[in-house]
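From first to last, the protein sequence lines stand for chains D and F.
Mapped onto my numbering, the consecutive letters of the first sequence carry residue numbers 11 to 420.
Mapped onto my numbering, the consecutive letters of the second sequence carry residue numbers 307 to 422.
Beta carbons are placed, not taken as given, at the ideal position from N, Cα and C, and that holds for glycine.
Note that the structure is a prediction, hence the values are computed from the model and not measured.
Read the structure below first, then the notes.
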Amino acid sequence: MSLVQESSVVYHGIPSPRLNKGRAFIELSDKVNGLNDGYVIMREVLDGLMPVLEAHAGLFAVSTDLLYTKHLHPSEAVERLERAVRERGDKVFSVLASEQRRRTHVANGLLLTPLMWQGAPIGLIAFDRPDQRLLPSDRAGLHALSNQLAAIFGLKLSSSSLSRQHVAQQHEIRNAIAVQQSLLPSIPPSHSCGLSIATYTQSAEFVGGDYFDLILVEGKKMGIVVADVEGKGVPAALFGNLLRTTTHFLTHETPSTSAVMTKINFILHKKAVSSRKLFTMFYALFDPETKILTYTGSGHVSPMVIRGDGKETIRLYSDGTLIGVDPVQRFSEHSVQLQTDDVVVYFTDGVTEHRNRKLEAYGEERLIHLVQQRKTETADMILNSLKADLARFNSLAPTDDLTLVVTKVL
Amino acid sequence: MISIRELADKGLTVIDPGPRLTLENAHEFLELVQALPAAIGPILIVNMRDIKTVDSSGVGALVNARKHMDTVNGFFALVALRPEIGRMFKLMNLHNVFEMYESEELAYKDIIARRR
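Here is the structure:
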C-alpha cells in the first residue's frame, strides 16, 4: 500500500484543515520519491506546498545547477533572492543555513528552508507568504520533506561524479574514433579536379559532430561537403556516417547542389529529429572546366572566397535553414565564377567561435585577414597558418569541434 | 545554472539557461521544456542574456523546444540575445525559425496582442 492510500484511509472523513495539510505533505513526499528529474521534483514541490503554505511565490534552488521559481503573484522578495542565488550560488545557501538557522526560519520576509546534505547546505526552498507565522505542524512537515529532498538531490549530485561514467566514456571513445576514422574522405586531398586542397578537423573532446568530405562528381567535378551535426560522441559519429552515405548517393544522382540538399533534408529530416541530430551543411561543386563553383547551404556558416588578386572577399551566403526544421524546405542554388589563385575557405562555427581565455571569439575578420595575407601560398601552407593562428589565439583544446577545408584554384 | 521562472498570473514561463547552451546542458534544457505542463497556449520565453556560447547541440535543443511548444499550441520566443549570438543565429538563418525580441516584456506584449 502506498503512502497516498494510507493517508487517504487515515484522514478520510475528517475535514480538519490541519490534517488536510498533513496529508498534502505526505502525498508530496510519496510523489517526489517516484520522480527522477530534478526540475520536475522542484515544480511538484512548489506546486504542492504553495497552496498549503498560502504562499504567493516560491523558490527552489539546488547547488549551482538548477533554480526554479514560481510566482502566483509577483514577489519582489523572491526576485531578490533569485538574483542573489544566480549571482552568488552556493554562498547564499551557506549564509542562509548558518549554524543557528539550519531549520526552517523566516528572514527578509521569506520562509526559508535550507537543504542540508552530509552537514553542508546544498540548496534552499523559500516562500513569500503574507502570513509570516508558521504552525508547528507546517514546520515539522517542511523539516521532514526538506530532509527527504536533501537526500534525493544530495545523491544526485554525488552520483554525477562517479568514476564509472569515466569507464563507460573510455569505451565510447574507442568506438567513436573507429567510426569517425571511417568518415575521412576517400579522395586524397591534394591536387584534385583543378584545385589544391588542404583539410583539417579537430574534435573538442574525443570525437566530434563535424563532418567534411570531398566527392568526385561526374568523374571531373569536385564536391566539397562540410557539415556540423548536433552533439558529439558515437551517436553524432554514426549520424555523420549516415549523412556521408546519403550525400555520396545523392551527389551521384544529380549534379544540382540544391537538389542534393533538398533530398538530404527530405530523407534525413525525420531521423534528424527523432535522434536529436539536427545539422547544418554546406555543399559546393567545383567545375574545373568553367571554374564555376555552385553551392547550397542549410544554415551553415558561410565559406569565404578570397580573390587571388586581392580585390575582394566574398561570403558564400545561402538562405537555407538547418536540416530537421522543415521536411519540405526548398533550397536555392547559387554560383560564383572563380579564377586561378582564388582561395575558398570552408569551415564550421567551431573555428570562428574558438575562444581565448578572455572568452573573445576568433571571428571571421581574423580568419579573412590571415588568408588575405597568405593568399599567394599553397592551400597546405594557408591551412597550416590558420592552424597555427588558432593555436596562438588559444593554445587550450577547443570547446567545440572545428573543421577547415582550404581550396585554391590552380 | 539553469533557472526557470513561472509567472502563473501571466501564463508565462521564462527559462534562463545560464552562460552556455552546449552539449553539456542542451539535453537537460530540452527535457526541462518538454516537462513543462502542457496547458493550452502556454508561453515560453528563453532569456538568452547570459548566454555567451551556443554550439550545435544548443541550437538543436532550441529548435526542438520550439517544435515542442508548437505541438502544445504554445508560444516560443528568444529574448535578449548578445550581439555575437544574434549574428551567429542570423548567419544560420535561424531568424526564420525563432521569434526574437529585445526583452521579455516586448515578447510578452507581442505574443498577447497576437493571441487576442
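Taking L303/D as reference, the option from G318/D, S284/D, T267/D with the minimal CA-CA separation is T267/D. The beta carbon of S309/F falls within 8 Å of a beta carbon belonging to chain D, placing the residue at that interface. Distances from the CA of R421/F to each of G392/F, M406/F, N353/F, N379/F were compared; the closest alpha carbon is that of N379/F.
Inclusion of F35/D and L144/D in the CB contact set at 8 Å is not warranted, their separation being larger than that value. Interface residue (Cβ-Cβ distance to chain D less than 8 Å): G317/F is not classified as such.
Under the three-state reduction of DSSP output, N353/F falls in the strand class.
Note that the C-beta distance between A269/D and I333/D is not below 8 Å. With respect to the 8 Å criterion, T319/F and L350/F are classified as neighbours on the basis of their beta carbons. Taking 8 Å as the CB threshold, A314/F lines the interface with chain D. Contacts with chain F at 8 Å (Cβ-Cβ) do not include D223/D. The beta-carbon distance between Y78/D and I357/F, rounded to whole angstroms, is 19 Å. This is too long to meet the 8 Å contact definition. Annotation for R355/F: A386 place their beta carbon closer than 6 Å to its own, counting only its chain and skipping 5 residues before and after. Minimum Cα-Cα distance from D138/D among the listed residues T409/D, V55/D, A117/D corresponds to A117/D. For K273/D, no pairing in a beta bridge is given by DSSP. One finds M398, N399, L400 in chain F with Cβ atoms closer than 8 Å to the Cβ of G309/D, taken in chain order. Under the 8 Å Cβ criterion, the stretch 86-104 of chain D does not count as touching the stretch 326-342 of chain F, having fewer than three qualifying pairs. Assignment of S309/F by DSSP, reduced to helix, strand and coil, places it in the strand class. If you compare the alpha carbons of N402/F, A419/F, F404/F, M394/F with that of S312/D, the shortest gap goes to M394/F.
Taking 8 Å as the cut-off between beta carbons, the residues of the stretch 286-315 of chain D near chain F are R286, K287, L288, F289, T290, G309, H310, V311, S312, in sequence order. Annotation: C203/D to L412/F spans about 53 Å, alpha carbon to alpha carbon. Bridge pairing for Q212/D: L412/D [DSSP].
If you check the CB distance, T306/D and S342/D come in under 8 Å. For H81/D, the neighbours in chain F by C-beta distance under 8 Å run, in chain order, R311, E312, L313, A314, D315. When rounded, the separation of the alpha-carbon atoms in M375/F and H279/D is 19 Å. Within chain F, no residue has its CB atom less than 7 Å from the CB of A107/D, the nearest being about 18 Å off. H66/D counts as buried, since no fewer than 16 other beta carbons sit within 10 angstroms of its beta carbon. Counting only runs that start and end inside the stretch 312-371 of chain D, the beta strand (DSSP E) elements of at least 3 residues fall at 314-316, 323-325, 344-347, 353-357. For D376/F, there are no neighbours in chain D by C-beta distance under 8 Å, as the nearest C-beta there is about 11 Å away.
Only those residues of the stretch 335-356 of chain D whose C-beta falls short of 7 Å from the nearest C-beta of chain F are listed: V335. According to the DSSP secondary-structure assignment, K415/F is paired through a beta bridge with no residue. CA-CA distance, S39/D to L165/D, rounds to 17 Å. When secondary structure is reduced to three states using DSSP, M391/D falls in the helix class. Put simply, the CB of E375/D is far from chain F, with every gap to its CB atoms at 8 Å or more.
For D223/D, the secondary structure class from DSSP, reduced to helix, strand or coil, is strand.
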